[in-house]
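Just add 107 to the spot in the sequence shown (first one is 1) and you have my numbering.
Don't be surprised by glycine CBs; every beta carbon is placed ideally from N, CA and C.
Beneath this line is the structure, given in structure tokens, with notes to follow.
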Amino acid sequence: MTTAASVIHIYNGSVTLGGTDGDLVTETAVGGNRILLELNRGAESNVVPLAARATTAACYLVQIVSDNGRILLSIDSVHWVKSIFLLTVGTNNSLFYIKSIADQDEDYGNTVWSLKVDYYAPV
108 MTTAASVIHI YNGSVTLGGT DGDLVTETAV GGNRILLELN RGAESNVVPL
158 AARATTAACY LVQIVSDNGR ILLSIDSVHW VKSIFLLTVG TNNSLFYIKS
208 IADQDEDYGN TVWSLKVDYY APV
């Protein structure tokens, strides 16, 4: 398993399936373009579409994992889990979705969580 920062990137904003659009999401813990999820206690956030894209022409198997139980991921915006696989990530957008949930009594605010992105190189 390899750190994905140099080959696979995540994009938000206006992303389209098979396109090369979107805004590069920051890959550091501070500053930059982050994925923002807004929610209230006892509710779910809005669903945000994201894209994974490779910097090279090869197709990669990509695993994206939430580091927190409150962050859910989906490849179809219907079935939500903590970890997804994107089977063929290349130089065009492969879409996936993210949302968050909050308990009624949860204390939250400007909280930063991370996504772990791993890729498996083609053989």
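Using the Cβ count rule (16 or more neighbours within 10 Å means buried), how would you classify A159? A residue is called buried when at least 16 other Cβ atoms come within 10 angstroms of its Cβ; A159 meets this threshold and is buried.
Write down the C-beta distance between V155 and Y226 rounded to the nearest angstrom, noting that I regard them as a contact closer than 8 Å. No, V155 and Y226 are not in contact; Cβ-Cβ is about 21 Å, not under 8 Å.
Would you mind stating whether A209 and L146 have Cβ atoms separated by less than 7 Å? Taking a C-beta distance under 7 Å as the contact criterion, A209 and L146 qualify as a contact pair.
In the DSSP assignment, find the beta strand (DSSP E) that holds D210 and state where it starts and stops. That residue, D210, is in no beta strand (DSSP E); it is neither H nor E in DSSP.
Residues that DSSP places opposite V94 in a beta bridge: Because the chain in this structure spans residues 108 to 230, residue 94 falls outside the shown range and cannot be described.
What does the alpha-carbon distance come out to for the pair H116 and A150? Between H116 and A150, the alpha-carbon positions lie close to 29 Å from each other.
Which class does I142 belong to by DSSP, given the choice of helix, strand or coil? Note: I142 maps to coil in three-state DSSP.
Once the 5 residues before and after G120 are set aside, which same chain residues still bring their CB inside 7 Å of it? Result list for G120: G129 and D130, in chain order.
Going along the chain, which residues of its own chain have a beta-carbon closer than 7 Å to the beta-carbon of R177, five neighbours each way excluded? Once the five neighbours on either side are set aside, the close Cβ partners of R177 are S207, I208 and A209.
What residue range is occupied by the uninterrupted beta strand (DSSP E) comprising S173? Element bounds for S173: Y167 to S173.
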